[in-house]
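Protein chains in written order, with numbering that gives the first Met the number 0: chain A, 0 to 127; chain B, 0 to 127.
Where a beta carbon is used, it is the ideal one built from N, C-alpha and C, also for glycine.
These figures come from a predicted structure and were not determined experimentally.
Comments concern the structure below.
There are 2 protein chains.
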Amino acid sequence: MRGITLRIGELASQAGVSVRALRYYEEQGLLTAERSASGQRVYPDNAVEQVKLIQNLYAAGLASRAIEPIMPCVRTGEVTPELLDRLMAERARIEERIGGLVETRDKLDAIILVVAESLHEGRPCPRD
Amino acid sequence: MRGITLRIGELASQAGVSVRALRYYEEQGLLTAERSASGQRVYPDNAVEQVKLIQNLYAAGLASRAIEPIMPCVRTGEVTPELLDRLMAERARIEERIGGLVETRDKLDAIILVVAESLHEGRPCPRD
DNA sequence: CTTGCCTCTGACGTCAACGTCAGGTTTTAG
DNA sequence: CTAAAACCTGACGTTGACGTCAGAGGCAAG
Numbered sequence: 000m001r002g003i004t005l006r007i008g009e010l011a012s013q014a015g016v017s018v019r020a021l022r023y024y025e026e027q028g029l030l031t032a033e034r035s036a037s038g039q040r041v042y043p044d045n046a047v048e049q050v051k052l053i054q055n056l057y058a059a060g061l062a063s064r065a066i067e068p069i070m071p072c073v074r075t076g077e078v079t080p081e082l083l084d085r086l087m088a089e090r091a092r093i094e095e096r097i098g099g100l101v102e103t104r105d106k107l108d109a110i111i112l113v114v115a116e117s118l119h120e121g122r123p124c125p126r127d
Numbered sequence: 000m001r002g003i004t005l006r007i008g009e010l011a012s013q014a015g016v017s018v019r020a021l022r023y024y025e026e027q028g029l030l031t032a033e034r035s036a037s038g039q040r041v042y043p044d045n046a047v048e049q050v051k052l053i054q055n056l057y058a059a060g061l062a063s064r065a066i067e068p069i070m071p072c073v074r075t076g077e078v079t080p081e082l083l084d085r086l087m088a089e090r091a092r093i094e095e096r097i098g099g100l101v102e103t104r105d106k107l108d109a110i111i112l113v114v115a116e117s118l119h120e121g122r123p124c125p126r127d
């Protein structure tokens, strides 16, 4: 029933993180792993997606403490109404951050455009 | 010719950061301030926007070292072609991060929707 | 003029997300 | 069979973005 399984180094390279990071995630309760007879970690292939999600949640400004309660539900699909509130709260935070980043990108675009034009037309540097 | 000026505490509360953070930004060369006769920092009102931009750049995953060279150009509008490359590179990073966050938001949405439905219809927890 | 709040400059403390090293076992390639 | 490569568990080190405390000076109000 099981698809391909991965060892920690393979998962690390496929997910674009370090081996150390994966052990850290496990330590923080973000990522679970089976163990082989000799004690080596064995991951299902969908762990790649889970790791990427963790990275994205970090990028969204969440800390491990905030990610930990929501990862089990990503795996099992079970959510308490209490957790649902948290999910929606985090969703809102992410939306906020997306808005800020879009703003920032547009600001950079404005600068880039002005400069590109002034370079193109040989003008010194238009302002005001 | 100058509009309203702000003291550090006022700027901090208007920009939603701490006083310590503002001093830190100055230390890192991200934010410049005039000084009153007695040595107190005096900011123009547009410093509020600059601080928010700094926060957004932090949220985009940039470090102070990466923000420092681009802030002067935000103020003056002057950009070297070398800096233009950096701006475009950072812009690309920001776009990437926006993409990741949108993905993450959608993933959360999927979970929220499924749970909301199952709660609504009294089902245990649909999966597979 | 003093009381209370704001500001200043150091300087040390903190916390999260890893990096890195030590010392040992396991797996794989030849 | 053996050597290299990957893995294991501690455990200490690092870095960035501030927090916090100490000690001193500035400024509007009564």
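Does the distance from the C-beta atom of residue i to that of residue j stay below 8 Å?
i, j, result
"V47 of chain A", "A20 of chain A", "no"
"L100 of chain B", "R96 of chain A", "yes"
"V73 of chain B", "V114 of chain A", "no"
"I7 of chain A", "V18 of chain A", "yes"
"G98 of chain A", "D44 of chain A", "no"
Closest to residue i by CA distance: which of the options is it?
i, options, result
"I66 of chain A", "A:L82, A:A36, A:E25 and A:L29", "A:L29"
"S35 of chain B", "B:L112, B:L5 and B:I111", "B:L5"
"L52 of chain B", "A:R104, A:A115 and A:E116", "A:R104"
"G60 of chain A", "B:Q54, B:E116 and B:A32", "B:Q54"
"Y111 of chain B", "A:R85, A:S117 and A:A32", "Tyr is not the amino acid found at residue 111 of chain B; the sequence shown has Ile there. Of the listed residues, the one whose Cα sits closest to I111 of chain B is A:R85."
"T75 of chain B", "B:Y23, B:I3, B:T31 and B:E116", "B:T31"
"E26 of chain A", "A:P43, A:G2 and A:R64", "A:R64"
"M87 of chain B", "A:G2, A:A109 and A:A58", "A:A109"
"E102 of chain A", "B:L83, B:E102 and B:A58", "B:A58"
"E116 of chain A", "B:A91, B:G2 and B:P80", "B:P80"
"Q49 of chain A", "A:Y24, A:E33 and A:S37", "A:Y24"
Decide if residue i is buried, meaning its Cβ has at least 16 other Cβ atoms within 10 Å, or exposed.
i, result
"M0 of chain A", "Residue confidence is low: M0 of chain A scores 49 on pLDDT, short of 50, so the model does not pin down where it sits. Its coordinate-derived value is still stated next. Classification of M0 of chain A: exposed, given that the 10 Å Cβ count is below 16."
"E89 of chain B", "buried"
"L56 of chain B", "buried"
"L10 of chain A", "buried"
"Q39 of chain A", "exposed"
"I93 of chain A", "buried"
"A62 of chain B", "exposed"
"I69 of chain A", "buried"
"A91 of chain B", "exposed"
Using a Cβ-Cβ cutoff of 8 Å, what residues of the segment 71 to 90 of chain A are near chain B? List them in chain order. Within the segment 71 to 90 of chain A, the residues whose Cβ lies closer than 8 Å to any Cβ of chain B are, in chain order, C72, V73, T75, G76, E77, V78, P80, L83, L86, M87, E89 and R90.
Which residues, in chain order, does the segment 92 to 120 of chain A contribute to contact with chain B at a C-beta distance below 8 Å? Those residues of the segment 92 to 120 of chain A that come within reach of chain B (Cβ to Cβ, closer than 8 Å) are I93, E94, R96, I97, G99, L100, V101, E102, T103, R104, K106, L107, D108, I110, I111, V113, V114, A115 and L118.
Members of the segment 36 to 63 of chain A that neighbour chain B once the beta carbon cut-off is set at 7 Å: Taking 7 Å as the Cβ-Cβ cut-off against chain B, the residues of the segment 36 to 63 of chain A that qualify are L52, N55, L56, A58, A59 and G60.
Minimum length 4: unbroken alpha helix (DSSP H) runs contained in the segment 68 to 103 of chain B: Runs of the alpha helix (DSSP H) inside the segment 68 to 103 of chain B: 70 to 75.
Length at least 4, wholly inside the segment 10 to 55 of chain B: the alpha helix (DSSP H) runs in chain order: The qualifying runs are 18 to 26.
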